[in-house]
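Okay, structure first, notes after.
In full-length UniProt numbering, the protein residues as written are 1 to 341.
Here it is, written out as structure tokens:
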């Protein structure tokens, strides 16, 4: 969903929005460092038009912090476990501060060995995944990340939900071009987009999900209220979702999508799972040629008739936001200010 929810739109400078979000996070129990990381992430999603992971998420963050489900004061514990391997215990906090705490070591290892892995566990991820990988590509590195979420997707051929939406994000440098970045759920639709459709009273395309009886439905409320999403591409998306469970949870030591119980924390919204990030230094093989080769691929895709590259809409939205401010509805802005009370 790429448009704000109502027609009354206001424009807010990015730094002003980030400061407002940081104040909200701190008001509701986050340390200054955690609040700063989360605010930048959320403001970036809103700036780039990823509204299902922008300020739409703030009430969920606030209710989760109030429930005691996540520790907004957590200090990640970084472990240097091998030449190309970093492990982080997020200590029951959010995944993005854990990534920030380990980022310097991860990059140093990738540049030294050519490849490095970051395994985050005991963590909560409630945001878009592309902001986690895009900065690596801006430094000339290739990055791949996976994170699992809460159970809401029925595996292909199964009878009940088991997997999360389990996104995969990838970023690569591209000469004389913005980084090539994609972020996709392995479900037919992102859970946040289903929530936005339900809030707006919209129907969904066919094939997105099922109701509580396992019957196909285009009603987003039926999916959210006892139903479930389907994997994209049938057995193919289901296999990728299984892979994400193995990499993000089994390998990191995080919870599988079905292993945590938040029933004792009313208002909790954030999945308590794990995240894996793989960073590659292409200079070890191709030097500067990799970015040039990426550019050649983009040119050939465009010559073949592709009119929009993955991530391109976000870059266009970002350019407008940098000149005019980040788009919010007046209702959204007032809702954010109310969260400071």
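Where a beta carbon is used, it is the ideal one built from N, C-alpha and C, also for glycine. As the structure is a computational prediction, the values presented were derived from the model and not from experiment.
When the Cα atoms are used, what is the spatial distance from residue 253 to residue 63? To locate residue 253, count along the chain shown from 1; it is residue 253. To locate residue 63, count along the chain shown from 1; it is residue 63. Cα to Cα, the separation comes out at about 26 Å.
Report, in whole angstroms, the separation of the C-beta atoms of residue 57 and residue 14, which I expect to be a contact under 8 Å. Locating residue 57 in the chain shown gives position 57, counting from the first residue. Locating residue 14 in the chain shown gives position 14, counting from the first residue. With a Cβ gap of about 17 Å, residue 57 and residue 14 do not count as contacting.
Considering only residues of the stretch 93 to 137, which uninterrupted beta strand (DSSP E) runs meet the minimum length of 3 residues and lie entirely inside it, listed in chain order? 115 to 124
Inter-residue spacing [alpha-carbon to alpha-carbon] between residue 250 and residue 112: Reading the chain shown from its first residue, position 250 is the one you call residue 250. Reading the chain shown from its first residue, position 112 is the one you call residue 112. Going by the C-alpha atoms only, they are around 27 Å apart.
How many Å lie between residue 282 and residue 178 at the Cα? Walking along the chain shown from the start, residue 282 turns up at place 282. Walking along the chain shown from the start, residue 178 turns up at place 178. When rounded, the distance between both Cα atoms is 17 Å.
N-terminal and C-terminal residue of the alpha helix (DSSP H) that residue 224 is part of: For the purposes of this step, residue 224 is taken as the residue at position 224 of the chain shown. Residues 220 to 224.
Could you tell me whether any non-hydrogen atom of the ligand ATP is closer than 7 Å to the CB of residue 70? With respect to small molecules bound, the structure shown includes none, and the ligand ATP cannot be examined in it.
Below 8 Å, how does it come out for the stretch 135 to 145 and the stretch 169 to 176: are there three or more Cβ pairs, yes or no? Yes, the stretch 135 to 145 touches the stretch 169 to 176.
How is the beta strand (DSSP E) around residue 169 delimited, first residue to last? Residue 169 sits at position 169 when you count from the first residue of the chain shown. It spans 168 to 172 - the beta strand (DSSP E) in which residue 169 sits, taken as one unbroken run.
Within its chain, find whatever has a CB closer than 6 Å to the CB of residue 203; leave out the 5 residues flanking it on each side and keep chain order. Taking the chain shown and counting its residues from 1, the one referred to as residue 203 is at position 203. Counting only Cβ-Cβ distances below 6 Å, and skipping sequence neighbours, we find 218.
Could you please give the first and the last residue of the uninterrupted alpha helix (DSSP H) stretch that includes residue 396? The shown model of the chain, from 1 to 341, leaves out residue 396, and the question about it has no answer.
Going by CA-CA distance only, name the one from 119, 87, 86, 180 that's closest to residue 131. As a first step, residue 131 is located in the chain shown; it is residue number 131 there, counting from the start. Checked all of 119, 87, 86, 180; the closest Cα to residue 131 is 180.
Taking 8 Å as the limit between beta carbons, can you name the residues of its chain near residue 298, skipping five residues before and five after? Here residue 298 corresponds to residue number 298 of the chain shown, with the count starting at 1. Same-chain partners within the cutoff: 174, 177, 180, 309.
Assign residue 202 to one of three DSSP states: helix, strand, or coil. On the chain shown, position 202 is the one that residue 202 refers to. Residue 202: coil per DSSP, three-state reduction.
Own chain, CB closer than 6 Å to residue 124, minus 5 neighbours either side, in chain order: As a first step, residue 124 must be located in the chain shown, where it is residue number 124. Closer than 6 Å at Cβ, skipping near neighbours: 70, 94, 270, 272.
From which residue to which residue does the alpha helix (DSSP H) around residue 186 run? The sequence position of residue 186 within the chain shown is 186, counting from 1. That residue, residue 186, is in no alpha helix (DSSP H); it is neither H nor E in DSSP.
Thinking C-alpha only, which one of 209, 225, 187 is nearest residue 232? Numbered from its first residue, the chain shown carries residue 232 at position 232. Taking only the C-alpha atoms, the option nearest residue 232 is 187.
Could you round the C-beta distance between residue 127 and residue 96 to whole angstroms and report it? I think they count as a contact, below 8 Å. In the chain shown, counting from the first residue as 1, residue 127 sits at position 127. In the chain shown, counting from the first residue as 1, residue 96 sits at position 96. Going by Cβ atoms, the distance from residue 127 to residue 96 rounds to 7 Å, so yes, they are a contact pair.
Buried or exposed (CB count within 10 angstroms, at least 16 for buried), residue 275: By 1-based counting over the chain shown, the position of residue 275 is 275. Buried.
Reduced DSSP category for residue 8 - H, G, I as helix; E, B as strand; rest coil: As a position in the chain shown, residue 8 is number 8, starting the count at 1. It is coil, neither helix nor strand.
Buried versus exposed call for residue 317 [16 or more other C-beta atoms within 10 Å across all chains shown]: Position 317 of the chain shown, counted from the start, is the residue given in the question as residue 317. Buried is the call here.
Taking all protein chains shown into account, decide if residue 261 is buried (16 or more other Cβ within 10 angstroms of its Cβ) or exposed. As a position in the chain shown, residue 261 is number 261, starting the count at 1. By the 10 Å Cβ count, residue 261 comes out exposed.
Given that a residue counts as buried once 16 or more other Cβ atoms are within 10 Å of its Cβ, and exposed if not, what is residue 236? Mapped onto the chain shown, residue 236 falls at position 236. The residue is exposed, with fewer than 16 neighbouring Cβ atoms inside 10 Å.
Where do the N-terminal and C-terminal ends of the beta strand (DSSP E) with residue 274 fall, by residue? Position 274 of the chain shown holds residue 274. Taken as a continuous stretch (DSSP letters only), the beta strand (DSSP E) holding residue 274 covers 272 to 280.
Taking the Cβ atom as the reference point for each residue, do residue 91 and residue 75 lie within a distance shorter than 8 Å? Here the question's residue 91 lines up with position 91 in the chain shown. Here the question's residue 75 lines up with position 75 in the chain shown. Yes.
Taking C-alpha atoms, which residue in 104, 114, 68, 44 lies nearest to residue 84? The sequence position of residue 84 within the chain shown is 84, counting from 1. Considering only alpha carbons, the answer is 114.
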